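Residue numbers (my numbering), protein chains in the order written: chain F, 1 to 175; chain Y, 176 to 583. A virtual CB, placed ideally from N, CA and C, is assigned to each residue, including glycine. Only a predicted model underlies this, so the values are computations on that prediction, with no experimental measurement involved.
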């Protein structure tokens, strides 16, 4: 079989370009659903609706774990000593500098609410352990203080804060 | 290398068939008449062993899939059901779980052999890179298979490994959510891992075909690293290579069977017999043994992003080996300095594996850093410079010369 080439544009040239363009657009378009199907589905998103937590039963110094969007949330009822420890730290010396006031809601110093997932590789740190009275991650040794800030170890960031608000003095809504 | 097949089927039917689909000739020229270097040692039997292990994993895996349920509420229980209730389920699962370990053991020996004898060098670069791709696919497949058990180690391995991608600046978190199909490792994650764990072995099989094809185009390397020059340098694949491969495969299977029947859980972790619990991370999480060196490299670097980059680089760097090694001489047999650096590198790899199983504290961290530094220095400094400065030993003029001389 031989191909006849000519300097002039032919009907075949037009068909090549038109077919190629349709094919490229079609291939790109079908990628959208193929990729998007892997993102959280509607039921997963719906199950991630805000949750309310009653703080009244949490004793001084106690840390409880609740789940929101399948993530563990630590709610830490901090003692006076623990609040002071968090406040007197020199912010500039921290790996991820944040004052204690930025970690809690104004007027609710005793309540620290953080996402209980180590910012290194996603393990759940153990409460009341490590050198800073906060959390210690058993996986790779990251240590967090009583404000959930990273102090030592490979984690790059402080424990993340979930979106939450106080609906009353003893009740918060996470999400 | 292989030349035209001289395959002449005897029976009328096979002659009729051969005219329509010459598959008999293909098999004959690839596995019967195919000339193999006459000096291959037992390290060259691991290619066949690997093909066998891939077959074992696919057969046992397909059968296990008939009993396994990829759902967070049933996965762990269905595995226990396989162990206790399914006829011979314990055997099939132990064959599959230990088969993965044997597969990796064989691939590591195969890779060490390739590096020692310079099998990645011109004209075998593409053959080598296809091997690196197979290895990457094996790692992904092995990891996802480990997650399917849905024990504590499965769950937290899935969490830690997927979180590696969160180190990517900007889009990291979006990628991790996309991988999970949720806000944490959960049912969608398990489901897709199951789908991919079933798919990838067949992708591996496809790349293996290309790997063997590339091997048969370039021809096999051999312990001297010299190209075959005449018919004197080669022997036909059958019976010489088939019996050697077959014999050592049987020896290898003794080791495999010893693990399966006597110490089936030796290479596993006890915590994986605890059902996955998203609320509690086990006190000590370690990957399967075959990933430990890379885990040690990850942990040896105190910065998250750099650690992840080092982890991936330590594997990707293998693909660049043909160009990092500047020496014209292939085999370490004639490279006295390379031989020493190579064995040091093997010690570094095994040392990293041992360190990966230790807590990252004190002396272990320092040792991990030293070994990690040497791991990369071997590729980036030693290999390029040795080609320039090393004084190599004289290479024989052909494969048959030293062999026939020794015989005489």
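Query                                                                                                                           : Result
Any C-beta of chain F under 7 Å from that of residue 361 of chain Y                                                             : yes
Chain-ordered chain F contacts of residue 367 of chain Y [CB-CB under 8 Å]                                                      : 38
Contiguous alpha helix (DSSP H) assignments of at least 4 residues, all confined to the segment 528 to 557 of chain Y           : 537 to 552
Element boundaries [alpha helix (DSSP H), containing residue 433 of chain Y]                                                    : 417 to 437
Coarse secondary structure for residue 266 of chain Y, derived from DSSP in three states                                        : helix
Residues of the segment 337 to 352 of chain Y with Cβ closer than 8 Å to any Cβ of chain F, in chain order                      : 337, 338, 339, 341, 352
Proximal residues to residue 447 of chain Y (C-beta, below 7 Å), its chain only, five neighbours per side dropped               : 324, 326, 327, 328, 329
Chain Y contact for residue 80 of chain F (CB, 7 Å cutoff)                                                                      : no
Uninterrupted alpha helix (DSSP H) stretches inside the segment 328 to 410 of chain Y (no shorter than 4 residues)              : 347 to 355, 362 to 393
DSSP state of residue 176 of chain Y mapped onto helix, strand, coil                                                            : Residue placement at residue 176 of chain Y is poorly supported in this model, since its pLDDT is 41, which falls under 50; the coordinates are not used for a value here.
Buried versus exposed call for residue 479 of chain Y [16 or more other C-beta atoms within 10 Å across all chains shown]       : buried
Same chain, Cβ closer than 7 Å to residue 62 of chain F, five either side skipped, listed in chain order                        : 77
Chain-ordered chain F contacts of residue 460 of chain Y [CB-CB under 8 Å]                                                      : 123, 138, 139
Alpha carbon of residue 319 of chain Y to alpha carbon of residue 481 of chain Y, nearest angstrom                              : 24 Å
Supposed contact pair residue 293 of chain Y and residue 400 of chain Y - C-beta distance, whole angstroms, cut 8 Å             : 5 Å
For residue 126 of chain F, the residue or residues it bridges with in DSSP                                                     : F/136
Same chain, Cβ closer than 7 Å to residue 308 of chain Y, five either side skipped, listed in chain order                       : 382
Beta strand (DSSP E) runs contained entirely in the segment 53 to 112 of chain F, provided each spans 3 or more residues        : 63 to 68, 71 to 77
Reference residue 46 of chain F; option with closest CA among F/103, F/68, F/124, F/85                                          : F/68
Beta-carbon gap between residue 158 of chain F and residue 151 of chain F smaller than 7 Å                                      : no
Close beta carbons around residue 416 of chain Y, own chain, < 6 Å, minus the five adjacent residues each side                  : 211
7 Å Cβ shell around residue 509 of chain Y - same chain, five flanking residues per side excluded                               : 567, 568, 570
Own chain partners of residue 146 of chain F with C-beta closer than 8 Å, once the 5 adjacent residues on each side are dropped : 76, 78, 82, 83, 85, 86, 112, 132, 133, 134
Per-residue burial, residue 420 of chain Y [other beta carbons within 10 Å of its own, 16 or more giving buried]                : buried
Under the three-state DSSP convention, the category residue 326 of chain Y falls into                                           : strand
Residue 13 of chain F: first and last residue of the uninterrupted alpha helix (DSSP H) it sits in                              : 11 to 36
Which of helix, strand or coil DSSP assigns to residue 211 of chain Y                                                           : strand
For residue 142 of chain F, the first and last residue of its enclosing alpha helix (DSSP H)                                    : Per DSSP, residue 142 of chain F belongs to no alpha helix (DSSP H) and is neither H nor E.
Cβ-Cβ distance between residue 507 of chain Y and residue 495 of chain Y below 7 Å                                              : no
Boundaries of the beta strand (DSSP E) in which residue 173 of chain F is found, first to last residue                          : 171 to 174
Residues bridged to residue 164 of chain F (per DSSP)                                                                           : F/174
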